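Enquirer: Each number in the working numbering corresponds to the 1-based position in the sequence shown with 28 added.
Glycine is no exception: its CB is placed at the ideal position from the N, C-alpha and C atoms.
These numbers come from a predicted model, not from an experiment.
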Amino acid sequence: MLLLLLVDLIRPLQALEVALIPSTGCYSHDVMMKEVGLSMPPGASITWIQAFLYDFGFGEIPLPANWTRLSIWGHDDEGVELMRSAGSLLWEQNVPTDFDRPWDLRGSFSFFKMLERHQTYCEKMLDDQRFLQYMRSQKTDVVLLDHFLQECMGGLAYLLNTSVVQFSNWPIADGYITSLNVPANPSATPKTGTPYSGLGMSFGERVGNLLFHWVIITARIIQNFVLSRMFARKGFPEVDIIRSEAERAIYAGRSEFLFDVVRPINNRVKYFGSNIQMNPSDYVTVIPELHENHRDVMHPQSGINCRQNIQLPNSTAQLPLSLSDCLCQNGPVSFAAANISSLPVRRTNLYMELDRSSVQQKFLEISRQFPELDWPSLTKEKFILVSFGSVAQAHYMPLDLVRQIFSAFAQTPYKVIWQTNSATKSLLWTRNISVPRNVIMTSWAPIKEMLAHPNLQYLICHGGINTINELLLFGVPVIGVHLQGDQGSNLRRLTDLGAAVMISIARIAQGQLPHTMRKFENNLERHWQRAAQLSSMLETYRTIHKDQQVFWIGWTARHGKRLRDRNFLNMHYVGDTENVFWFTVIAILIGMFTLVLF
């Protein structure tokens, strides 16, 4: 026993050998995995193992010079065409399953095509001499696997014969935690990927939830069968995908424990959302000051004489008086004369005890980097921020949908800043439609700085898990437009908590966005209050659970393999009976349906 304790004390002093297996090119997933690698102890030897299949305009993510990149390039013509078809489909329905139109299976076909490509390039990785040499020569301490849609890469992780942390830029997903023998009854727990509420589902929603559960089970059983045969053909018959998942020490998601749906979990399921190392105050570029009758915007410096305005280099924009490089000796300059609302300043804790010179520098820097936003003007104008994530690109949007969106934006009293994730010249529909005067389109925007801006009114977004976490940190309400994957689930959690409302892309196409925005704006203060409460809860929770991600990954590196080999934890999958039962029921129903038709 003493010997084991001594080994455990010495082990952290040795350089860790870490393997990172990121996604197939989704930028937000790769950023998350890189952040995980950067959190490793100094001196850790890190190998990045990736099948890069989809380039969303960012290319392969840059890595530190001391990391080893072991990647296969698969961004070919087939991948480009799949991105184009799926990218266009996002603006018509929720992908892979549209719960408003479940009979439309185009999203499911794209989904299965992606799985097929993932397996093809995973097989190429298994044949790659670099990987085989790494597998045979390296004594890896821990593998970090972005598991979503990467069951085959999970088989490669199993071959490294070490502790595996299953960690994706997704919330906790029912299809995966069943491998850890965690139940997820579809009559009670809304499946991840559905827009159903955790506060209660109607009978029809429960039926839809059950059908989606069946689809997940069927896909995983078929995939496990196909991959097992592939690994056996390659000389690795011991690889069983679901059983290898059951042997992983930790399953982690990017969501927040506080705000997840009530569901069964066990002590191997971890929530790492709160480990995002971000302080919202670090992104403040404008400091509001609360006064009895009106809002002032105070510049971050004081004590020197004032100038009327300053000219920004490489820009025709001028800074307003209150945001020049000094503060008038008479105090903050009021914008009451500039029609600024007398509403109280929201999120006052965000703007307290800031270094004013640092804030001023950030203001100037953002103004220079994004001249098209006219950053100084935002000190006098309230605005809405619109962003649909790095995957959904505006140049794929159909013209009729753009018309509906612009019609809604033109009716709001606020300026609208839309981050399109597409180069302006690629937005061909701008040739056939007039952009409303209150709308600014930009290919990229400083999202975090805008979330910290005192004149931000609310956000319209897709509901990706990173965006949801940022909204909760900054305390900003949202109108959510779910387009794919987990986004419906993420937005439903915020809607249940009172900080959001949801609208589908199909309802926007039907012209319902103006009504949704108007109703949301009429209740805006209530949504802000609720968002502030959630943000305060999260701030306290983050303080208590700081560095949890680093701790558990380090713990897995030290103990995971020993726990698996000595059976200290029940790491054997026992759910086959239930899944085989449901698979049999589905097969019988499909057979009966086929007989009736033919």
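Is the number of C-beta pairs between the region 143-153 and the region 526-541 that are closer than 8 Å three or more?
Expert: With the cut-off at 8 Å, the region 143-153 and the region 526-541 do not touch.
Enquirer: Take the Cβ of residue 126 as the centre, count every other Cβ of all protein chains shown within 10 Å, and call the residue buried at 16 or more, exposed below.
Expert: So residue 126 ends up on the buried side.
Enquirer: Touching or not, the region 94-105 and the region 75-82, by the rule of three or more beta carbon pairs under 8 Å?
Expert: In short, these stretches touch, since the Cβ pair count reaches three.
Enquirer: Taking the beta carbon of residue 15 as the centre, do at least 16 other beta carbons fall within 10 Å, making it buried, or is it exposed?
Expert: The question about residue 15 has no answer, for the chain in this structure spans 29 to 626.
Enquirer: Sorry if obvious, but does the Cβ on residue 119 come closer than 7 Å to a heavy atom of the ligand ZN?
Expert: Ligands displayed in this structure: none; no statement on the ligand ZN is therefore possible.
Enquirer: By Cβ distance, which residues of its chain are closer than 8 Å to residue 113, with the 5 residues on each side in sequence left out?
Expert: 138, listed in sequence order.
Enquirer: Given residue 80, which residues of its chain have a CB within under 8 Å of its CB, disregarding the five upstream and five downstream residues?
Expert: So the qualifying residues of the chain are 52, 53, 88, 99, 100, 101, 102, 103.
Enquirer: Please report the Cβ distance between residue 503 and residue 560, rounded to the nearest whole angstrom; I am assuming they are in contact, meaning their Cβ atoms lie under 8 Å.
Expert: Contact flag correct, Cβ pair sits at about 5 Å.
Enquirer: Helix, strand or coil: which one does DSSP assign to residue 60?
Expert: In this structure, residue 60 counts as helix in the three-state DSSP scheme.
Enquirer: Just verifying my parser: in three-state terms, what is the DSSP assignment at residue 505?
Expert: If DSSP states are grouped into helix, strand and coil, residue 505 belongs with coil.
Enquirer: Using three-state DSSP, classify residue 375 as helix, strand or coil.
Expert: Note: residue 375 maps to coil in three-state DSSP.
Enquirer: When the Cα atoms are used, what is the spatial distance from residue 123 to residue 255?
Expert: Taking the straight line joining both Cα atoms gives about 24 Å.
Enquirer: With a threshold of 16 other CB atoms inside 10 Å of the CB of residue 400, please say whether the residue is buried or exposed.
Expert: Burial call: exposed.
Enquirer: Please state if the CB of residue 449 and the CB of residue 421 are separated by a distance shorter than 8 Å.
Expert: Contact flag set, yes.
Enquirer: Starting from the C-beta of residue 153, find all residues in its chain whose C-beta is less than 6 Å away, skip the five residues before and the five after it, and write them out in chain order.
Expert: Only 79, 100, 159 meet the Cβ criterion.
Enquirer: Consult DSSP for residue 192 and reduce its assignment to one of helix, strand or coil.
Expert: Reduced to three states, the DSSP call for residue 192 is strand.
Enquirer: In three-state terms, what does DSSP make of residue 489?
Expert: Here residue 489 sits in strand by DSSP.
Enquirer: At the level of alpha carbons, what is the spacing between residue 85 and residue 109?
Expert: Answer to the nearest angstrom: the Cα atoms are 15 Å apart.
Enquirer: Evaluate residue 183 with the Cβ neighbour count: other Cβ atoms within 10 Å of its Cβ, from every protein chain shown; 16 or more gives buried, anything less gives exposed.
Expert: Answer is buried; the Cβ neighbour count reaches 16.
Enquirer: For the beta strand (DSSP E) that contains residue 101, what are its first and last residues?
Expert: Unbroken beta strand (DSSP E) run through residue 101: 96-101.
Enquirer: Got a sec, what are the start and stop residues for the alpha helix (DSSP H) residue 267 sits in?
Expert: Element bounds for residue 267: n/a, residue is neither H nor E.
Enquirer: Keeping to the same chain, check which residues put their C-beta closer than 8 Å to that of residue 393; ignore five residues upstream and five downstream.
Expert: For residue 393, where only same-chain residues beyond five positions count, there are no Cβ hits under 8 Å.
Enquirer: From residue 623 to residue 234, what distance separates their C-alpha atoms?
Expert: So the alpha carbons of these two residues sit roughly 27 Å apart.
Enquirer: Report the residue from 497, 523, 482 whose alpha carbon sits nearest the alpha carbon of residue 313.
Expert: It is 482.
Enquirer: For residue 397, count neighbouring Cβ atoms within 10 angstroms of its own Cβ and tell me buried if that reaches 16, exposed if not.
Expert: It is exposed - the Cβ of residue 397 has fewer than 16 other Cβ atoms within 10 Å.
Enquirer: Let's see if you can read the secondary structure: which residues bound the beta strand (DSSP E) around residue 76?
Expert: That run of the beta strand (DSSP E) goes 73-80.
Enquirer: Let me know the secondary structure DSSP gives residue 308 once reduced to three states.
Expert: Residue 308: helix per DSSP, three-state reduction.
Enquirer: Should residue 574 go down as buried or exposed, given a rule of 16 or more other Cβ atoms within 10 Å for buried?
Expert: So residue 574 counts as exposed.
Enquirer: In angstroms with no decimal places, state the Cα-to-Cα distance between residue 362 and residue 281.
Expert: Below a pLDDT of 50, predicted positions are generally treated as unreliable, and residue 362, at 35, falls in that range; no measurement from the model is reported.
Enquirer: Taking the CB atoms as reference points, tell me whether residue 434 and residue 464 lie closer together than 8 Å.
Expert: It is a contact, given that the beta carbons lie within the stated cut-off.
Enquirer: According to the Cβ coordinates, are residue 220 and residue 514 closer than 8 Å?
Expert: Yes, Cβ-Cβ distance for residue 220 and residue 514 is below 8 Å.
Enquirer: In the DSSP output, what is residue 278 paired with across the bridge?
Expert: Paired residues: 193.
Enquirer: Residue ranges of each beta strand (DSSP E) run of no fewer than 3 residues wholly in the region 155-238, ordered along the chain?
Expert: Whole beta strand (DSSP E) segments, 3+ residues: 170-173, 191-195.
Enquirer: What does DSSP give as the partner residues of residue 298 in its beta bridges?
Expert: Its beta-bridge partners are 280.
Enquirer: Just to check my reading of the structure: residue 200 and residue 290 have Cβ atoms closer than 8 Å, yes? What is that Cβ distance to the nearest angstrom?
Expert: That pair is no contact at about 12 Å.
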